[in-house]
Amino acid sequence: MFLYALRRAATGLVLAVLVTLITYLLLSLSFDDIVRGRLGPAATPESVRAMKTDLGLDRPVLVQYFDWLSHAVRGDFGISYFTSEPVGPAVASRLGVTMSIVVVALIATIVVGVALGVLAATRGGAVDRLAQSASLTGYLLPNLLIAIVLVVVLAINLKLLPATGYTPVTENPARWAASIAIPVIALVVSAVASLTAQVRGSMIDELRRDYVRTLRTRGIRTRSVVLRHALRNAAGPALTVLSFEFIGMLGGALVIETVFALPGFGTYAFDASLQGDVPIIMGVTVFAVLMVVSVNLAVDLVNGWLNPKARVH
Amino acid sequence: MSTDAPNPTEETCETGAAPSRRSSAARRLLRDPQAVVTAGLLLVIVVLGLLAPLLAGHGPNEASLDAINADPGTPGYPLGGDGSGRDIFARLLHSINTSVVSALIAASIALAIGVTAGLVGGYFERRVRGLTEWAFSLIMTLPGLLLLIVLMPVTGGDYRTTMAIFGVLLSPGIYRLVRNLVVGVKNETYVDAARVSGLTTPRILGRHVLVAVRGPVVIATAFLAGQAITLQSGLAFLGVGSSAAPSFGAMISEGFLNLYEEPLQFVWPSALLGIINAALVLFGNALRDTLQGAQPKPAKIVRTGPEAAAPADAGPAAGLLTVEDLAIAYPAPSGELQEVVSGVTLSLSSGETLGLVGESGSGKTQTAFAVLGVLPAEAVVTRGSIRLDGRELLGLGEGELRDVRGRSIAYVPQEPMSNLDPSFTVGAQLVEGVRAAATSRISRRDARARVLALLKRVGIPDPERTFRSYPHQISGGMAQRVLIAGAVASRPVLLIADEPTTALDVTVQAEILDLLRDLEKELNMAVLLVTHDFGVVADICDRVAVMRHGEIVETGTTAELFGDPRHAYTRMLLDSIPGDAVRSDPPPGDAAGRGPGPSGETVAKEAR
Amino acid sequence: MRIRSTGRRRALTALAAAAVVATASCGAPGGRSSADAATLSLAVQGAPNSFDPAQLVDGTQSYVWSAVYDSLLMVDNEGELKPNAAESWNHSDDGKTLTLKLRQGMTFSSGDPVTSAAVKATLERTMATPGPNRFRLAAVETVETPDERTIVLRLKEPDGALTHALATTVGVIGDPKTLDTERTALDPVGSGPYVLDDSTVNGSKYVLKKRDDHWNAKAYPFETVEIRVIKDRTATVNALQSGALNAASVEVAHVDRLRSAGFDTKFIEAEAVGTLSLADRDGEVLKPLGDERVRRAINMAFDRDKIVQQLLHGAGEPTRQLFNPKGDAYDPALEKAYSYDPATAKKLLAEAGYADGFAVHMPSLFFTKPFEPTITQSLGEIGIEVTWDPTPPQNSVSAIASEKYGMFVMVEGFNATPVEVQDYLAPDGPKNVFDSTDPELEELLDRVNAEQDPAKAAELYRRINAFTVENAWSAPIFYSGRHWVTGDGVEFLGDGSNTFPTVRAFGVSG
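Protein chains in written order, with my numbering: chain A, 29 to 341; chain B, 83 to 690; chain C, 79 to 588.
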């Protein structure tokens with residue numbers, strides 16, 4: 029198990045190197061433009077050259093990349109071309125904001141999605157239709173609209189929650205909760221549908237399986253049969269959906285961060301790529317890759333725990 | 083990218099079949115209102131897009147200062163003008179085309195790459211697959227949005243190029259789907275046959291394997307299209323890329339700026355985009371239902387209402403179990419009830435073994451489930467009575483039934499593997515059952531000791547090890563012993579065994595029957611043995627009831643029945659037994675339903 | 079099955095939600111601002127770049143750095159150039175020497191005194207470092223410091239824009255002890271009225287605390303200035319309404335609602351000019367533009383009044399001039415030129431040999447998108463067919479600077495007139511992409527750079543402006559304004575005369 033995780037982690041690192049290399053090569057196509065962008069319209073060919081030398085962009089691309097890599101493995105991701113902010117700490121702080129929202133949203137999605145899915149699968153009929161249409165409606169309503177309606181109602185009219193901004197949890201937990209409440213709701217509403225559908229589907233499948241009937245004939249409580257046995261077996265496919273949801277939420281966070289003016293990872297990455305802020309793009313890429321790799325690894329490990337047959341050795 | 087790969091073995095049954103299946107699939111699709119409505123809607127939308135130049139009075143980028151924020155209904159501007167003075171109606175229609183082109187480009191590239199690589203990766207062995215796995219893990223790890231923006235100088239912001247790249251980014255989902263399907267199908271006999279007959283690999287891949295993966299890929303395509311449209315709109319919403327192509331995303335973003343003043347400018351594109359996406363998702367679901375068999379509808383696993391049957395007045399209890407005039411019905415698609423069991427009457431005394439014999443579909447399993455109180459929720463008991471030791475079971479609540487189940491009545495199923503929860507160790511599920519059925523609280527440790535003793539009793543050589551094992555780690559015969567142990571754990575007075583040996587090897591069958599017979603004696607249980615196998619009946623039954631079409635056609639002692647079958651059906655059943663292979667030959671009717679499928683299928687079949 | 083009802087339900091839900099938005103916001107109680115008067119909470123759209131003096135960028139980010147750094151000179155809210163860190167300045171008669179005298183008793187936030195050596199160090203560093211403002215000091219030959227309070231700039235040639243430049247980016251004074259250290263970019267040591275507080279979150283929230291020991295502390299009424307980066311315009315409005323901000327500029331569409339919610343609003347008439355720059359005046363990459371008749375024709379293609387009325391919703395004025403209406407160069411008489419006349423425009427094109435018009439590519443940039451349909455349409459009417467090349471933001475500067483496009487759309491914030499003239503018209507001006515020159519213009523530029531008398535200089539600026547209008551060097555279409563919204567206790571003091579964003583533009587209202 030441990031060895032497996034280790035091997036997967038190593039694979040992840042190799043992937044990270046490849047992906048960052050590709051990103052760097054692609055970026056190198058527009059180095060001139062990026063430097064000009066930084067120097068503004070007054071740039072002269074000389075100043076462009078001088079700044080490229082300053083930034084080390086006059087060396088062969090592979091040399092530049094390996095230079096970046098050798099710093100990156102030591103945790104030094106350089107400083108932003110435009111703000112000079114060190115990239116590592118900046119990414120970490122931005123990630124904190126986005127993760128606060130996404131992780132809380134994910135947990136809420138799990139709770140709501142599983143509850144709705146199980147209800148729909150076990151009650152059927154009107155409850156099923158209601159749960160299904162509620163989640164479909166949520167899926168189809170744009171994030172944006174949900175967010176803006178919540179802001180107008182909860183923040184502007186009732187002044188219950190802040191309309192914009194983020195308070196770190198370390199600063200004030202209550203304010204932190206308030207500052208992420210609306211973004212979390214907006215994310216959950218659109219994410220809950222696929223999970224509900226998946227849980228509902230696999231629960232229906234599981235509940236029709238023979239072992240469910242056999243467990244019932246032993247006098248085991250229905251609640252235990254449904255929640256302990258069927259749900260656990262239904263959780264595997266749902267987990268895969270969940271991992272996509274997680275990655276999707278990181279993307280969806282971009283819109284949410286913009287609407288709520290939150291200093292999150294999404295806007296940070298987006299703005300940096302629009303500006304061509306090479307060190308940030310590279311740093312962001314590393315974290316994005318590591319995130320995807322670790323989510324996949326986590327899914328596999330949890331899946332192994334849930335499903336003994338898939339357990340890795 | 084939720085291309086959740088369905089179980090490959092199920093796939094092969096569905097799609098690997100003859101081409102006649104295909105046309106019937108199309109016909110079934112045409113009969114499915116969800117598919118027809120969504121496909122119709124999509125078709126209408128696509129046609130609207132194609133006819134855009136004819137329908138709209140203006141070009142999508144044609145601006146008139148007079149039309150800025152024009153009201154809906156302004157001549158020439160049926161839905162009004164946007165913030166730049168463009169015809170919203172024209173832009174909506176042209177945005178459809180952008181979406182359609184996006185979907186086509188991204189989906190076809192994802193399919194071309196994913197299917198090709200999936201076929202190759204799935205069909206060939208380790209080395210090639212290792213290579214494709216790596217390539218696709220790499221693609222999957224690429225940070226998509228970031229890359230699309232970084233690549234803007236290269237793509238020039240043209241949405242078609244962007245969608246082509248996105249197609250590549252989407253391909254891993256398809257690859258995985260196809261690879262799994264191919265791995266599942268490649269050792270099927272017809273592929274082997276093709277290989278032996280000397281067909282070249284590309285031809286095998288193209289002709290036989292590709293056919294097998296077609297269905298799921300078609301379904302995945304519907305979802306791919308949705309993703310491509312969503313992404314294209316998303317990018318346009320963020321203002322990434324060319325503004326020359328009209329797009330829902332751009333319209334939504336412009337409408338969002340104007341949200342407080344002209345909310346409709348936001349609503350139109352959001353609504354149309356929503357409808358397209360909803361139609362694609364629902365159409366995809368309908369496709370899945372048609373090609374992969376309908377998703378079962380949810381049903382309460384427990385009936386909450388009282389049974390429809392009015393218990394007959396409790397006459398003197400003839401024996402341990404009396405079933406009188408039991409009728410079970412299922413609602414037909416028309417809504418009417420259709421009886422599958424019609425007026426069955428049975429009785430069983432303590433220590434007696436009754437064989438309930440009949441072909442599949444005769445209602446014997448339904449009768450057994452009714453006694454256990456585990457009929458599917460849609461089943462209705464329309465009349466009759468089931469009494470155990472004089473106590474009416476019909477109409478009992480789930481809580482009361484639970485006391486009966488496990489303690490008084492126990493159940494040994496047909497298919498040992500599918501009747502064990504794969505996620506729990508053998509020990510854990512047995513312990514849970516023992517504790518649930520215990521009349522007084524019993525500690526986990528005591529329950530464990532009891533389970534270990536039981537496992538030993540049912541002839542498991544290394545109880546400790548089996549206790550710790552997961553179901554997939556033990557053999558079928560072993561699993562059946564485990565299930566028997568689970569059933570007799572609480573010393574029930576009645577054991578209902580539903581074809582307990584049919585799924586097992588011949589040698590194991592005999593052992594299991596011996597075990598059942600021993601236990602019956604030891605515990606003085608009554609046994610209701612549901613079977614189609616007269617060999618088994620002859621082996622252990624005291625009496626026999628023959629069922630056909632939901633009715634008992636003949637009852638009698640085993641000796642009577644074998645010696646002098648009175649009903650023609652009984653004679654026919656007896657005649658069909660091959661002289662010597664009494665136990666070995668599964669009856670023709672059941673052979674097809676066997677296999678990994680849950681016996682829920684059997685239930686459904688019998689119910690029909 | 080459920081499709082139709084779902085679709086309809088979805089549309090209805092959207093409508094209902096929109097209705098909620100519309101009605102709810104009408105009834106929103108507003109104007110109450112949690113930020114007390116001692117705090118100015120201001121929104122800007124973009125995060126500031128580096129605070130390194132050599133890398134400072136104009137625009138709203140100067141709210142932050144202009145509060146941390148003192149500049150040598152300043153422009154007050156009436157647009158007058160005024161002493162600041164330098165209590166006086168004067169030019170030599172030939173305009174080639176500028177002498178500045180520093181105020182006494184100024185200190186950096188570190189406690190060190192501000193000396194002429196610090197000024198020299200900062201200026202020389204900016205001149206030596208590749209950066210966006212280095213060209214503003216191109217005329218400077220040497221920086222001399224005869225004593226602790228005197229700075230003498232010796233110039234290669236007279237530069238009329240230099241004093242104004244010293245009131246903005248290149249005029250800031252950095253602390254020589256820390257200038258070359260890492261903190262300069264993020265948390266610089268300056269001698270300005272505010273220091274960056276620890277609660278600052280880079281890229282998101284900049285918290286400035288007032289220095290009570292600043293020489294001009296009383297001119298800054300706010301103890302705390304919070305500058306929040308909010309990119310989305312709707313989010314800005316939401317933040318105002320929920321009380322998180324008490325000052326921001328908003329879109330015209332939001333003004334009424336905010337006013338009825340109790341906010342003060344102030345319209346700054348002229349903030350930026352929207353122009354179609356006809357940059358390739360010699361026809362190097364776009365031959366037709368070499369012909370003055372073509373450039374004049376383009377100027378006649380735009381129905382400027384209607385564009386302002388409809389596209390800008392009245393938040394601006396039509397114009398034919400590049401220069402700040404509040405500045406010296408602007409001449410109302412020039413607005414009579416180039417009325418909307420597509421027929422004459424076509425005739426002019428035909429005379430120039432383009433009876434069938436011609437095709438042109440222009441870069442499509444973030445800020446050009448709202449104007450593209452109208453410009454395409456207007457030019458299309460006189461036969462000029464526009465194709466917009468999508469240009470990623472990271473390429474936008476270089477797309478224009480690359481001389482690939484003979485004409486392009488610019489929306490440029492106004493500046494002090496001398497700076498504008500330098501940017502647009504000097505051969506090496508950053509907005510003079512094709513380095514266009516003309517003997518008549520060159521003479522005028524030389525004269526105005528050397529001119530010491532403000533009145534005479536103003537006259538020369540007007541003549542320069544007239545030259546560009548008559549020769550149709552550009553096709554300005556409108557100048558646009560900005561709506562400022564302020565909450566209780568805060569007042570926006572500017573009127574557009576000063577184009578430099580600084581917290582000095584905000585005061586405490588009675």
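Virtual Cβ for every residue (Gly too), placed ideally from N, Cα, C.
Exercise. Drop a sphere of 10 angstroms on the beta-carbon of LYS198 of chain C, count the other beta-carbons inside from all chains shown, and report buried for 16 or more, exposed for fewer.
Key: With 16 or more other Cβ atoms within 10 Å, it is buried.
Self-check item: contact_flag[the region 264-277 of chain C, the region 164-179 of chain C] where n(CB pairs < 8 Å) is 3 or more
Solution: Touching, no, given that fewer than three Cβ pairs across the two stretches are closer than 8 Å.
Quiz item: Can you tell which of C:ARG359, C:VAL563, C:SER144, C:SER188 has the C-alpha that lies nearest to the C-alpha of LEU244 of chain C?
Solution: Ranked by Cα distance from LEU244 of chain C, the first of C:ARG359, C:VAL563, C:SER144, C:SER188 is C:SER144.
Quiz prompt | Under the three-state DSSP convention, the category TRP167 of chain C falls into | solution = Three-state result, TRP167 of chain C: strand.
Exercise. Might you give, ordered along the chain, the residues of its own chain that have their beta carbon closer than 6 Å to the beta carbon of LYS334 of chain B, omitting 5 neighbours on each side?
Key: According to the sequence provided, residue 334 of chain B is Ile. The question's Lys does not apply to it. By the criterion of a C-beta distance shorter than 6 Å, ILE334 of chain B is surrounded in its chain by PHE319, PRO351, SER352, once the five residues flanking it on both sides are discounted.
Practice problem: Please list the partners that THR286 of chain A has in chain C, where partner means a Cβ-to-Cβ separation under 8 Å. | Solution: Result: LYS309, ASP310, ALA313.
Practice problem: Check the Cβ-Cβ distances between GLY238 of chain B and every residue of chain C, and say whether any is below 7 Å. | Solution: The beta carbon of GLY238 of chain B falls within 7 Å of a beta carbon belonging to chain C, placing the residue at that interface.
Quiz item: Quick one: which chain C residues come within Cβ less than 8 Å of ALA191 of chain A?
Solution: Residues of chain C whose Cβ lies closer than 8 Å to the Cβ of ALA191 of chain A are, in chain order, ALA313, ASN316, ALA317, GLN319, SER320, ALA322.
Quiz item: Would you call the region 247-254 of chain C and the region 185-197 of chain C touching, i.e. three or more CB-CB distances under 8 Å?
Solution: The answer is yes - the region 185-197 of chain C touches the region 247-254 of chain C, with three or more Cβ pairs under 8 Å.
Quiz item: Just checking my contact of ALA219 of chain A with MET277 of chain A at CB under 8 Å: how many whole Å lie between their CB atoms?
Solution: The C-beta separation of ALA219 of chain A from MET277 of chain A comes to about 6 Å, placing the pair in contact by the 8 Å criterion.
Quiz item: Beta carbon of PHE348 of chain B, beta carbon of GLY331 of chain B: below 7 Å?
Solution: PHE348 of chain B is not a Cβ neighbour of GLY331 of chain B, given a cutoff of 7 Å.
Quiz item: How many angstroms separate the CA atom of LEU601 of chain B from the CA atom of MET607 of chain B?
Solution: Note on geometry: alpha-carbon atoms of LEU601 of chain B and MET607 of chain B lie some 8 Å from one another.
Quiz prompt | Three-state class that DSSP yields for THR138 of chain C in the structure shown | solution = Here THR138 of chain C sits in coil by DSSP.
Practice problem: Express the C-alpha separation of LEU656 of chain B and LEU112 of chain B in angstroms, rounding to a whole number. | Solution: If I take the Cα positions, the gap works out to 45 Å.
Practice problem: Note down the Cα distance separating ALA152 of chain B from LYS234 of chain C, rounded to an integer number of angstroms. | Solution: Near 57 Å, if we compare the C-alpha coordinates of LYS234 of chain C and ALA152 of chain B.
Quiz item: Looking at C-alpha atoms only, which residue of A:LEU270, A:VAL320, A:HIS257 is the closest neighbour of ASN335 of chain A?
Solution: Minimum Cα distance to ASN335 of chain A is reached at A:HIS257.
Exercise. Give me the Cα-Cα distance between SER474 of chain C and GLY239 of chain B, rounded to the nearest whole angstrom.
Key: Distance from the CA atom of SER474 of chain C to the CA atom of GLY239 of chain B, rounded to whole angstroms, is 13 Å.
Practice problem: Check the Cβ of GLU473 of chain C against every Cβ in chain B and list those closer than 9 Å, keeping chain order. | Solution: According to the sequence provided, residue 473 of chain C is Asn. The question's Glu does not apply to it. Here the neighbours are MET234, PRO235.
Exercise. Count the other CB atoms, across all protein chains shown, that sit within 10 Å of the CB of SER572 of chain B; report buried if there are 16 or more and exposed otherwise.
Key: In the assembly as shown, SER572 of chain B is a buried residue. Its beta-carbon has 16 or more other beta-carbons within 10 Å.
Practice problem: Would you please verify whether the beta carbon of LEU228 of chain B is less than 7 Å from any beta carbon of chain A? | Solution: For LEU228 of chain B, the answer is yes, since a Cβ of chain A falls inside 7 Å of its Cβ.
Quiz item: Does the beta carbon of ILE309 of chain A sit closer than 7 Å to a beta carbon anywhere in chain C?
Solution: Not an interface residue.
Exercise. Taking only beta-carbon positions, decide if SER128 of chain A is within less than 7 Å of chain F.
Key: This model lacks chain F altogether; the protein chains it does include are A, B and C.
Quiz item: ASN501 of chain B versus chain A: which residues are under 7 Å apart at the beta carbon?
Solution: For ASN501 of chain B, the C-beta contacts it makes with chain A under 7 Å involve ASP238, TYR239, THR242, in order along the chain.
Self-check item: Environment of LEU53 of chain A [buried if 16+ CB atoms lie within 10 Å]
Solution: LEU53 of chain A comes out exposed.
Practice problem: Using alpha carbons as the reference points, say which of C:ARG373, C:MET485, C:THR452, C:LEU178 lies closest to GLN388 of chain C. | Solution: For GLN388 of chain C, the closest of C:ARG373, C:MET485, C:THR452, C:LEU178 by C-alpha to C-alpha distance is C:THR452.
Self-check item: Neighbour flag for PRO211 of chain A against chain C, beta carbons, 7 Å
Solution: Against chain C, the CB of PRO211 of chain A has no partner CB under 7 Å away; the residue lies outside that interface.
Practice problem: Spell out a yes or no on whether the region 417-426 of chain C and the region 277-295 of chain B are touching, meaning 3 or more CB-CB pairs, one atom from each, closer than 8 Å. | Solution: Contact fails: fewer than three Cβ-Cβ distances are below 8 Å.
Quiz item: Does DSSP put SER128 of chain C in a helix, a strand or coil?
Solution: Assignment of SER128 of chain C by DSSP, reduced to helix, strand and coil, places it in the coil class.
Practice problem: Please name the residues in the region 110-125 of chain A whose beta-carbon is closer than 7 Å to at least one beta-carbon of chain C, in chain order. | Solution: From the region 110-125 of chain A, only PHE110, THR111, SER112, GLU113, ALA118 have a Cβ closer than 7 Å to chain C.
Quiz item: How would you list, in chain order, the residues of chain A whose beta-carbon sits under 9 Å from the beta-carbon of PHE549 of chain B?
Solution: Neighbours of PHE549 of chain B in chain A, taken as residues at a C-beta separation under 9 Å, are lacking, since the least C-beta distance is about 14 Å.
Quiz item: Relative to chain C, which residues along the region 55-66 of chain A have a C-beta separation below 8 Å, given in chain order?
Solution: Within the region 55-66 of chain A, the qualifying residues are SER58, ASP60, ASP61, ILE62, ARG64, GLY65, ARG66.
Quiz item: Where DSSP assigns a beta bridge to TYR159 of chain B, which residues make up the other side?
Solution: In DSSP, TYR159 of chain B forms a bridge with B:THR156.
Quiz item: Taking a cut of 9 Å between CB atoms, which residues from the region 311-335 of chain B lie near chain C?
Solution: Those would be GLY321, VAL322, GLY323, SER324, SER325, ALA326, ALA332, in chain order.
Exercise. For TYR239 of chain A, name the three-state secondary structure that DSSP assigns.
Key: TYR239 of chain A falls in the helix class under three-state DSSP.
Quiz item: Between GLY204 of chain B and ARG211 of chain B, what straight-line distance do the alpha-carbon atoms span, to the nearest angstrom?
Solution: Counting only the Cα atoms, ARG211 of chain B lies some 7 Å from GLY204 of chain B.
Exercise. List the whole-angstrom C-beta distance separating ALA148 of chain A from ARG236 of chain A, where the pair is believed to meet the contact cut-off of C-beta under 8 Å.
Key: The Cβ separation is near 15 Å, so there is no contact.
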